[in-house]
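Chains as they are written, first to last, in our numbering: chain A, 1 to 163; chain B, 1001 to 1163. Cβ atoms here follow ideal geometry from the backbone N, Cα and C, with glycine treated the same way. Note that the structure is a prediction, hence the values are computed from the model and not measured. Heads up, the thing below is written out as structure tokens.
There are 2 protein chains.
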Amino acid sequence: MTSTDHTSTDTSTDGGTDGGTDGGTDGGTDGGATKGAAGLRPTRQRLAVSAAMETFSDFRSAQEIHQLLTRRGDTVGLATVYRTLQRLADAGEVDRVLTEGGEAVYRSCSTSHHHHMVCRVCGTTVEIEGPEVEDWAHRVAEQHGFTDVSHTLEIFGTCTACA
Amino acid sequence: MTSTDHTSTDTSTDGGTDGGTDGGTDGGTDGGATKGAAGLRPTRQRLAVSAAMETFSDFRSAQEIHQLLTRRGDTVGLATVYRTLQRLADAGEVDRVLTEGGEAVYRSCSTSHHHHMVCRVCGTTVEIEGPEVEDWAHRVAEQHGFTDVSHTLEIFGTCTACA
DNA sequence: GCTCGAGTTGACAACGATTCTCAGCACCAA
DNA sequence: TTGGTGCTGAGAATCGTTGTCAACTCGAGC
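See the structure below:
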């Protein structure tokens, strides 16, 4: 998994996929998907996905979240789940990270810059701040002449419950 | 992209996919794919892939490497490229990391524990060691009661040539 | 209330990276 | 030569994700 860098001003380099379904219909406004920003509607589906994100603290895949919604009686199309999660991630309200197999998983998170420490057995996830790491990353980048620097970091281990 | 943690003793959690093509025919021996270890043969294809890995220093996808091989006149099947790269990665001879889109990319690397600083424009990659980060990660993990700790870290920026 | 335009949905189709399948090949020891 | 094991690769299959588009929803303006 890769942690999400909330302070990064990275724009996605996957132009081919990020044009996506919503590309043509977006007003281009950056706002929270559920916050009534111009052009964005708080639809039942979006509210349901947002609410579902608050019910777990580990990382879940879009399909898992879709199933969770169905079990809650909040039927939302899978494509809509993906879209909504992408919106939430773009808005910094959820973290999107990748499993080792390349699958995207999501988790509600705080908006400050942080990293994740994840139990490799049960998935329990702890948010961690690391000023030392920020300092180090920027220092190292300067040494090599890199500018506009961002980073991702993830810690794995076995939590006390699973040890 | 996610950096590879060479000192990690993680075993893959993707049981479904890692049984793979080679599962049935492997002797189960862990050795360098090109090093004549018991049960593993230095086939033309494996040698070609290994040699190709030494011709570039940025991260390349399996398909890019496949094309590179073809252009060199070393025709190797795509499935074989994937398999061989997986072998090399398992042996710690190449780094396998994921792009933001979830695609696996590979690069020849040193076997010591290191991280990558990658130019987001041209892909130039610099290997970096970070003892401070190791210390920090272990300290933080201890604070939260995590054991058997590993981590991934990647730095992105714009290199001097692209700035 | 009606119309229109913009936003959005969702089932199904499509995509693309990756892995599986299996007949056939390669190699080596007996 | 035989038998066993390792390996290949083209095409099939897999799977997470995204595209498509008809239909729906909503709100502004008349």
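* Indicate whether at least one CB of chain B lies closer than 8 Å to the CB of GLU154 of chain A. => yes
* Taking a Cβ distance cut-off of 8 Å, strictly less, list which residues of the stretch 70-97 of chain A are near chain B, in chain order. => none
* CB contact flag (PHE156 of chain A, SER1150 of chain B, <8 Å) -> yes
* Min CB distance MET1117 of chain B to chain A below 8 Å -> Answer yes: the Cβ-Cβ gap between MET1117 of chain B and chain A drops below 8 Å somewhere.
* Asked: Would you call the stretch 1041-1049 of chain B and the stretch 1075-1092 of chain B in contact, with 3 or more CB pairs under 8 Å?
  -> yes
* Coarse secondary structure for LEU1068 of chain B, derived from DSSP in three states -> helix
* Within the 8 Å Cβ cut-off, does CYS1159 of chain B reach chain A? -> yes
* Asked: Whose C-alpha, out of A:HIS114, A:LEU40, A:SER108, is nearest the C-alpha of ILE128 of chain A?
  -> A:HIS114
* **Where the alpha helix (DSSP H) through ASP1074 of chain B begins and ends** => Where ASP1074 of chain B is concerned, there is no enclosing alpha helix (DSSP H), given that its DSSP letter is neither H nor E.
* Asked: Shorter than 8 Å from the beta carbon of THR1125 of chain B to some beta carbon of chain A?
  -> Interface criterion not met: the Cβ of THR1125 of chain B is under 8 Å from no Cβ in chain A.
* **8 Å Cβ cutoff, SER150 of chain A in contact with chain B** => Yes, its Cβ sits closer than 8 Å to a Cβ of chain B.
* Asked: By the 10 Å Cβ neighbour count, where 16 or more other Cβ atoms means buried, how is THR1021 of chain B classified, buried or exposed?
  -> Its pLDDT being 40, under 50, THR1021 of chain B is placed unreliably by the model, and nothing is read from it.
* Taking the alpha carbon of ASP1058 of chain B as the point to measure from, which residue in B:HIS1144, B:GLN1143, B:ALA1161, B:CYS1119 has its own alpha carbon closest? -> B:CYS1119
* Examine chain A for any beta-carbon lying closer than 8 Å to the beta-carbon of VAL1105 of chain B, and answer yes or no. => no
* Asked: Taking Cβ positions only, does GLU132 of chain A come closer than 8 Å to chain B?
  -> yes
* To do: Determine the DSSP secondary structure at ASP135 of chain A, reduced to helix, strand or coil.
  => helix
* Asked: Taking just the CA atoms, how far does VAL1133 of chain B sit from VAL133 of chain A?
  -> 6 Å
* Asked: How about TYR106 of chain A and ARG60 of chain A: do their beta carbons lie closer than 8 Å?
  -> yes
* Using 7 Å as the cut-off, classify the Cβ of ARG1120 of chain B as near or not near the heavy atoms of the ligand ATP, replying yes or no. => This structure does not include the ligand ATP; it has no bound ligands of any sort.
* What whole-angstrom Cβ distance do VAL126 of chain A and HIS1144 of chain B have, given they're in contact under 8 Å? -> 6 Å
* Put LYS1035 of chain B into one of helix, strand or coil per three-state DSSP. => The pLDDT assigned to LYS1035 of chain B is 43, lower than 50, so where the model puts this residue is not dependable; a value taken from the coordinates is nonetheless given after this. Coil, per DSSP.
* Asked: Looking at LEU1068 of chain B and ALA1052 of chain B, is the spacing between their C-beta atoms short of 8 Å?
  -> yes
* **Interface partners of THR1043 of chain B on chain A, CB under 8 Å** => The contacting residues do not exist; THR1043 of chain B stays about 27 Å from chain A at best.
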